[in-house]
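As they're listed, the protein sequences go chains V and G.
Quick note on my numbering: the first sequence kicks off at 1 and runs consecutively.
Quick note on my numbering: the second sequence kicks off at 1 and runs consecutively.
Cβ atoms here follow ideal geometry from the backbone N, Cα and C, with glycine treated the same way.
These notes are about the structure you will find just below.
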Amino acid sequence: MAVGSLVARSTAAAAGILSPRSRNLPGLLFSLPLLALFACFVVYPLFFVATRIFDRYTYEVLFSDPVYVQTIVNTIVYVGVAVNVKLFLALLLSAVLDSDGKATRFLSAIFLLPWAIPVLPGILSVRWMMSSQWGILNLISEDLGLGTHHWLASRWTAIGAIILFHIWKYLPFWTIIFLSARRGIPRQLYEAAYIDGAGPFQAFRYISLPMLGGIYLICTLLSMVFTMGDFTNVQLMTGGGPGDSTHVLATLAYRYTFRVGKIDWGMGVFATALPVTLLFIFVLIKKIR
Amino acid sequence: MTGRGVWVNVARGAVLAVITVWTLFPIYYIVSLAITPWTDLFRPVYFVTHPTLDNFKFVIFQESPFVKFFWRWLANSLWVSAATMFAVLVVAAMGSFALGRIRFGLGRWVSGITLFTYIIPASFLSIPFFKIMGDYDLLDTYWALIFAMTTFAAPYALWVLWDYAKTIPQEIDESAAIDGAGLVSVFFRIYLPLITPSLIAIGTYAFFYAWNEYLYAVLLLQGEKTITLPVGMGNFLTSDDAPWNLLMALSVIYALPPVLFYYVFRRYLTHGLVSGSVAGV
């Protein structure tokens with residue numbers, strides 16, 4: 001009986017006869033795998049952090065640790081510079097690639113390679129390039145008469161390397177996003193503008209920019225949150241070195257947990273970043289939906 | 001008009017040339033180190049002077065003690081990636097059916113949860129997750145890793161599928177329901193066949209998400225033989241006498257599947273990924 005009525009109800013639901021509210025049960029059943037994963041792997045860890053973050057001592061240690069303060073600065077520089085330069089370049093490149101020429105199509109196929117290649121081979125390549133003794137960068141720099149440098153052995157050139165790698169790896173993805181957003185702008189707008197005597201810069205200023213402004217903002221926020229949590233790039237490029245001067249949030253938490261052996265400090269690092277991150281996330285969810 | 005048109009084309013050509021060099025140089029460098037013999041490694045040159053395939057031979061036939069577990073690592077990577085792909089397909093297909101076809105009242109909450117999981121950085125949950133897995137004695141098992149990767153790969157896949165699900169006319173479901181089909185048979189016999197192209201795209205995406213995963217793999221797997229390929233390669237970076245030419249040969253092997261798949265499925269992938277990301281914007 002119960003099964004029969006459930007079948008009848010779901011049949012009616014498929015036909016769209018019932019109200020959204022009475023379709024809740026089948027809807028939730030089909031969402032169950034997702035909800036179970038969310039409960040176990042997102043809510044439970046967050047809850048776990050919440051039970052451990054009210055220990056004042058952890059924060060006294062963190063805020064008096066110069067490495068923590070330096071890490072916050074590094075993270076802000078990394079996120080601020082890498083994301084904004086990358087997205088600005090992506091916006092410009094999407095304009096260059098937005099034509100149907102054969103050369104453009106061929107180039108966009110090559111251009112997407114960094115996105116297809118896993119992080120590790122790319123990092124290995126950059127690390128060996130920047131090797132102070134055997135890297136090709138010093139060979140080029142010497143041939144240009146600029147002398148040799150220890151690229152990955154000083155703080156700001158190492159952070160620069162991480163930023164450059166980030167741009168190399170993720171520029172293609174965001175360019176494709178902007179490209180598809182551009183293709184959504186009606187052609188007639190541009191045609192009308194050119195008939196009215198607008199140049200390419202005016203067309204960009206008065207048509208492309210307003211039409212792409214919303215998605216540009218969302219992409220910036222999204223990319224900032226993703227980059228704030230970056231572990232792999234930094235860990236593989238510098239491991240936080242030299243002298244713990246290039247850590248970002250995730251690598252510092254890893255260091256506290258496994259090198260120093262203080263798992264509470266590791267969680268404390270994320271707990272201090274969580275308010276900002278959650279704010280970003282809620283703004284994004286409001287904007288995207 | 002023509003004067004300005006020429007300059008626009010020149011500028012465009014210059015930009016494209018710069019992008020090409022910028023994009024290809026690190027890749028050129030990986031390949032050129034992969035074919036550099038050990039004796040030439042410590043002498044930087046622009047072009048490889050004595051190209052050789054010995055590095056690949058050493059890696060594949062395990063003739064160097066550095067990479068004696070190459071086949072184990074590869075098998076581990078393949079297995080966790082395939083399992084993650086399967087789990088993501090199940091979660092995303094069911095979830096997108098619920099959101100896009102059933103359209104239930106609590107769907108707003110489910111889509112909010114999906115977005116939240118997509119956006120929150122996976123690394124922020126890694127340390128507590130590691131602690132929890134330790135408490136339940138699940139460290140060094142693949143299950144913890146596979147479920148964690150599924151959690152973070154599924155929301156994007158679901159979003160892409162949902163966007164596609166909304167474009168299927170509702171009348172198809174309605175006529176099936178009139179013919180007496182229940183939700184489950186609509187799901188298997190109508191929905192799944194219709195979304196197959198998108199399933200290929202997100203399956204590929206999920207496979208390579210897991211293939212690339214480093215943080216959770218490095219946290220959860222510890223044994224010399226149980227680690228995945230990227231973790232095994234990454235471990236060399238802490239040793240000073242790392243065999244860089246062998247590492248680069250490994251890199252080429254490791255990067256080849258995603259690149260090949262990407263070119264085979266390029267049309268599906270870029271369309272699927274883009275429609276998912278721009279959804280609702």
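F69 of chain G to I253 of chain G span [Cα, whole Å] = On the second sequence, residue 69 of chain G is found 69 positions in, with the first residue counted as 1. On the second sequence, residue 253 of chain G is found 253 positions in, with the first residue counted as 1. Straight-line Cα distance between these residues: approximately 14 Å.
Contact set between the region 221-242 of chain G and chain C, restricted to residues whose Cβ is under 8 Å from the partner | No chain C is part of this structure, whose protein chains are labelled V and G.
6 Å CB neighbourhood of I227 of chain G in its chain, flanking five on each side removed | Working through the second sequence from its first residue, we reach residue 227 of chain G at position 227. Excluding positions up to five away in sequence, the list reads L221.
Are the beta-carbon atoms of M248 of chain G and W128 of chain V separated by less than 9 Å?
-> The residue you call residue 248 of chain G lines up with position 248 of the second sequence. The residue you call residue 128 of chain V lines up with position 128 of the first sequence. Yes. Within cutoff.
Indicate whether L89 of chain V and T175 of chain V have their beta-carbon atoms separated by less than 9 Å.
-> For the purposes of this step, residue 89 of chain V is taken as residue 89 along the first sequence, with counting starting at 1. For the purposes of this step, residue 175 of chain V is taken as residue 175 along the first sequence, with counting starting at 1. Their beta carbons are under 9 Å apart, which means L89 of chain V touches T175 of chain V by this criterion.
Quick one: is Y44 of chain V near chain G, going by C-beta distance under 9 Å?
-> Here residue 44 of chain V is taken as the residue at index 44 of the first sequence, counted from 1. Yes, its Cβ sits closer than 9 Å to a Cβ of chain G.
Which chain V residues sit within Cβ distance under 7 Å of G112 of chain G?
-> As a first step, residue 112 of chain G must be located in the second sequence, where it is residue number 112. Neighbours of G112 of chain G on chain V, chain order: I285.
When the Cα of Y78 of chain V is compared with those of V:F270, V:A250, V:R259, V:L284, which residue comes out closest?
-> Within the first sequence, residue 78 of chain V is the residue found at index 78, counting from 1. Here the closest residue by C-alpha is V:A250.
Do you know how far the Cα of G239 of chain V is from the Cα of W265 of chain V?
-> Locating residue 265 of chain V in the first sequence gives position 265, counting from the first residue. Locating residue 239 of chain V in the first sequence gives position 239, counting from the first residue. Each residue's Cα considered, the two are about 18 Å apart.
Enumerate in chain order the residues of its own chain whose CB-to-CB distance from L107 of chain V is below 7 Å, with the five nearest sequence positions on each side excluded.
-> Here residue 107 of chain V corresponds to residue number 107 of the first sequence, with the count starting at 1. Within the same chain, L107 of chain V has no close Cβ partners at all.
Taking Cβ positions, are D98 of chain V and R183 of chain V nearer each other than 9 Å?
-> The residue given as residue 98 of chain V occupies position 98 in the first sequence. The residue given as residue 183 of chain V occupies position 183 in the first sequence. Yes, these two residues count as a Cβ contact at 9 Å.
Close-in-space but distant-in-sequence residues of the same chain around S19 of chain V (CB under 6 Å, 5 per side omitted) = The residue labelled residue 19 of chain V in the question sits at position 19 within the first sequence. Counting only Cβ-Cβ distances below 6 Å, and skipping sequence neighbours, we find nothing.
Min CB distance S19 of chain V to chain G below 9 Å | To locate residue 19 of chain V, count along the first sequence from 1; it is residue 19. S19 of chain V counts as touching chain G.
If you draw a straight line from the C-alpha of V67 of chain G to the C-alpha of F47 of chain V, how long is it?
-> The sequence position of residue 67 of chain G within the second sequence is 67, counting from 1. The sequence position of residue 47 of chain V within the first sequence is 47, counting from 1. Using only the alpha carbons, I get a separation of about 41 Å.
Are the Cβ atoms of Y214 of chain G and L113 of chain V separated by less than 9 Å?
-> Indexing the second sequence from 1 puts residue 214 of chain G at position 214. Indexing the first sequence from 1 puts residue 113 of chain V at position 113. Not a contact, by the Cβ cut-off of 9 Å.
Residue nearest to S77 of chain G in terms of C-alpha spacing, selected from G:F207, G:R266, G:V8, G:F265 = As a first step, residue 77 of chain G must be located in the second sequence, where it is residue number 77. Looking at the Cα atoms, G:F207 is the closest of the given residues.
Can you tell me whether DSSP reads M1 of chain G as helix, strand or coil?
-> Counting from 1 along the second sequence, the entry for residue 1 of chain G is found at position 1. Any reading at M1 of chain G needs caution, since the residue's pLDDT is 44, under 50, leaving its predicted position unreliable; the model's value is listed next. Note: M1 of chain G maps to coil in three-state DSSP.
Determine the chain V residues that contact L145 of chain G at a beta-carbon separation under 7 Å, and present them in chain order.
-> Within the second sequence, the letter at position 145 stands for residue 145 of chain G. Those do not exist, as L145 of chain G stays about 11 Å from chain V at its closest Cβ, beyond 7 Å.
Within 10 angstroms of the Cβ of S96 of chain G, are there 16 or more other Cβ atoms? Answer buried if so, exposed if not.
-> Within the second sequence, the letter at position 96 stands for residue 96 of chain G. It counts as buried.
Given A148 of chain G, which residues of its chain have a CB within under 8 Å of its CB, disregarding the five upstream and five downstream residues?
-> Position 148 of the second sequence, counted from the start, is the residue given in the question as residue 148 of chain G. Taken in chain order, the residues that qualify are A122, F129, Y216, L220.
For the candidate residues G:Y142, G:G100, G:A92, G:P65, whose alpha-carbon lies nearest to that of A75 of chain G?
-> On the second sequence, position 75 is the one that residue 75 of chain G refers to. Out of G:Y142, G:G100, G:A92, G:P65, G:Y142 has the C-alpha closest to the C-alpha of A75 of chain G.
Closer than 7 Å, Cβ to Cβ, to anything on chain V: give me those residues from the region 76-101 of chain G, in chain order.
-> V90, V91, M94, G95, F97, A98
Ends of the alpha helix (DSSP H) at G213 of chain V?
-> Taking the first residue of the first sequence as position 1, residue 213 of chain V is located at position 213. Looking at the DSSP string, the run of the alpha helix (DSSP H) that includes G213 of chain V is 209-228.
Could you check what DSSP says for E142 of chain V in three-state terms: helix, strand or coil?
-> Here the question's residue 142 of chain V lines up with position 142 in the first sequence. Residue state, collapsed to three classes: helix.
Would you kindly report the start and end of the unbroken alpha helix (DSSP H) that includes W143 of chain G?
-> Within the second sequence, the letter at position 143 stands for residue 143 of chain G. Segment 142-165, the alpha helix (DSSP H) holding W143 of chain G.
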